[in-house]
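Before any comments, here is the structure.
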Amino acid sequence: MNKEESPLPTSFLSLPDDVTLSCLTHVSRFHYPTLSLVSKGFRSLIASPDLEAIRSSMGEPESYLCVCLDNTNPTNIPCWFTVSPIPKQKLKPIPSFPQQQQYPQSPSVVSIGSEIYIIGGFVKGKRSRRVSVFDCRSHQWRRLPKMRLPRAAAAAGACNGKIRVMGGCRSKNVHDWEEFCDPKTNTWESKTLNFTIQQNMSICMGGKRYQINGLKLNLKTDVCFVDIENELCLISVSNRKLFWHELKPGCVSCEVNGLEQLSSHCFILVARSGGGARVTVWWKSVMKILDLQQYLLQDCHSTGERCETQICCAEIVFERRGLQELWGFVQWSKIVFTVDGFDPSSDFFLNYAVVTY
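Taking the UniProt record's numbering, the leading residue of the sequence shown gets 1, the next gets one more, and so forth.
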């Protein structure tokens, strides 16, 4: 007696398009590029404006942390990555900067919605007016009209949907120190500063802190600002530990409690995460790699010894307990990237942006 053959499973793409689109709205956008490789049908659905319209109507945007790291490839060209969501927590490369353009040194970075703006910076040793944009939704680079003045190491942030850039130019004229760009009209306009620039002062823009040094505003990667229970707090790395400081007169910096499980790590920098009362902390570790012969002999000092440098990250969520206590809870802690060789330098983290769409 022949066994009845079991029916073949129904193909996902055999479902009506509206049902398939509804299912895809419950999949993180982070996985869309991978799904696009499955078939032409998936690629067509994911590129469909109907999918974006349905997601927008749901009113539940997702936020992702994107970081720019140095020395992560043999060419030593800075690369952008997206920090993948739970459970992987790895760095997923963003499509390379256009090959016909040189990635600038010390550019300013701003994010609005799904777009990351790379503004100015040094190109071939000179300040640049160039503005490049990467759209995390379409995974495409494009150019914006140039700024009025060449700038590098400027402060930048988003204000009411416009890009605000301050400093970083050679001009000492207060009328030149600040300009705005409206991404909707692609126009730049200048604005006179409403305060006096002084040495040794700092500026907060876009949740980042910049220290004024002559005509340059240096981004402080060991500091960021976070909204904790409707209070803006400064989170900083000092002596390889994490501290917090309320922006009120008379308040002092205090160490964040509850991070004992990370006490063996030496924090290098801190960055805002995907929104809310949370940050990411970053550090490096160097591991020795033994080949089979070294392992059997337990000889770590032989001439064949190799090393790899691990870039590590942990996401921390904050909770207030009392007036002077801030507790941190580790959501995850992992090695997010590995580089061959020995590289203990602490200046690998160049910039970051949080995109929401």
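Every residue, glycine too, gets a C-beta built ideally from N, C-alpha and C. Being a predicted model, the structure only gives us computed values, none of them experimental.
Relative to the C-alpha of residue i, which candidate in the options has its C-alpha closest?
| i | options | result |
| --- | --- | --- |
| Leu323 | Met147, Gln99, Ile289 and Lys248 | Lys248 |
| Ala158 | Leu217, Lys208 and Ser14 | Lys208 |
| Gln310 | Lys191, Gly250 and Ile289 | Ile289 |
| Tyr32 | Glu52, Ser14, Val19 and Pro16 | Glu52 |
| Ser253 | Gln261, Trp244 and Pro145 | Trp244 |
| Gln261 | Glu315, Lys88 and Lys146 | Glu315 |
| Phe97 | Ser57, Val131 and Thr280 | Val131 |
| Gly125 | Arg143, His139, Ser106 and Ile118 | Ser106 |
| Met287 | Asn186, Phe349 and Thr338 | Thr338 |
| Asn76 | Leu91, Gln102, Lys90 and Ser84 | Gln102 |
| Glu325 | Val19, Val174, Gln331 and Glu255 | Glu255 |
According to DSSP, simplified to helix, strand and coil, what is residue i?
| i | result |
| --- | --- |
| Ser253 | coil |
| Gln100 | coil |
| Leu296 | Below a pLDDT of 50, predicted positions are generally treated as unreliable, and Leu296, at 45, falls in that range; the measurement from the model is reported next regardless. In the structure shown, Leu296 sits in a helix (DSSP, three-state: H, G or I). |
| Pro150 | coil |
| Arg127 | strand |
| Val165 | strand |
| residue 358 | Any question about residue 358 goes unanswered here, given that the chain covers just 1 to 357. |
| Thr20 | helix |
| Gly157 | strand |
| His139 | coil |
| His31 | helix |
| Glu115 | strand |
| Ala314 | strand |
| Glu260 | helix |
| Val174 | helix |
| Leu232 | strand |
| Phe42 | helix |
Buried or exposed for residue i, please, with buried defined as at least 16 other CB atoms from any protein chain shown within 10 angstroms of its CB.
| i | result |
| --- | --- |
| Arg29 | buried |
| Ile86 | exposed |
| Asn351 | buried |
| Ser108 | buried |
| Ala152 | buried |
| Ile235 | buried |
| Ala47 | exposed |
| Val83 | buried |
| Met147 | buried |
| Arg306 | exposed |
| Arg321 | exposed |
| Glu27 | Per the sequence shown, the amino acid found at residue 27 is Val instead of Glu. Result: exposed. |
| Thr280 | buried |
| Val19 | exposed |
Spatial neighbours of residue i within its chain, please: CB distance less than 8 angstroms, with the 5 preceding and 5 following residues excluded, ordered by chain position.
| i | result |
| --- | --- |
| Lys162 | Phe180, Cys181, Asp182 and Pro183 |
| Cys312 | His265, Trp282, Trp283, Lys284, Ser285, Ser333, Lys334, Ile335 and Val336 |
| Asn73 | Cys79 |
| Val355 | Ser63, Tyr64, Cys66, Ser111, Gly113, Ser114, Glu115, Ile116 and Cys136 |
| Ala277 | Val226, Asp227, Ile228, Glu229, Val317, Phe318 and Glu319 |
| Met166 | Ala154, Ala155, Ala156, Trp177, Glu178, Leu193, Ile203, Met205 and Leu217 |
At a cut-off of 7 angstroms, would you count residue i as near the ligand SAM, judging by its Cβ distance to the nearest heavy atom?
| i | result |
| --- | --- |
| Gly121 | By its list of ligands, the structure shown contains no ligand whatsoever, and the ligand SAM lies outside what it can speak to. |
In chain order, what residues of the same chain lie with their CB nearer than 7 angstroms to the CB of residue i, ignoring the 5 residues before and after it?
| i | result |
| --- | --- |
| Arg240 | Cys266 and Phe267 |
| Glu246 | Glu231 and Cys233 |
| Gly258 | Trp327, Gly328 and Phe329 |
| Asp176 | Leu149, Cys169 and Ser190 |
| Asp50 | Leu21 |
| Lys90 | Ser84 and Val336 |
Just to confirm my understanding: we take residue i, look at its own chain, exclude 5 residues before and 5 after, and list those with CB closer than 6 angstroms. What are they?
| i | result |
| --- | --- |
| Thr25 | Ile54 and Arg55 |
| Ser128 | Pro104, Gly120, Gly121 and Pro150 |
| Ile203 | Ala155 and Tyr210 |
| Leu15 | none |
| Asp340 | Glu308 |
Three or more C-beta pairs closer than 8 angstroms, one from the stretch 328-345 and one from the stretch 55-63: is that the case here?
-> Taking a cut-off of 8 angstroms for Cβ pairs, the stretch 328-345 and the stretch 55-63 do not touch, as fewer than three such pairs fall below it.
(Q) Would the stretch 135-154 count as touching the stretch 101-115 if we require 3 or more Cβ pairs under 8 angstroms? (A) Yes, the stretch 135-154 touches the stretch 101-115.
Could you say if the stretch 68-87 and the stretch 37-47 meet the contact criterion of at least three C-beta pairs nearer than 8 angstroms? The answer is no - the stretch 37-47 does not touch the stretch 68-87, with fewer than three Cβ pairs under 8 angstroms.
(Q) Under 8 angstroms, with one C-beta from each stretch per pair, do the stretch 263-282 and the stretch 222-231 reach the 3-pair mark? (A) Segments in contact, yes.
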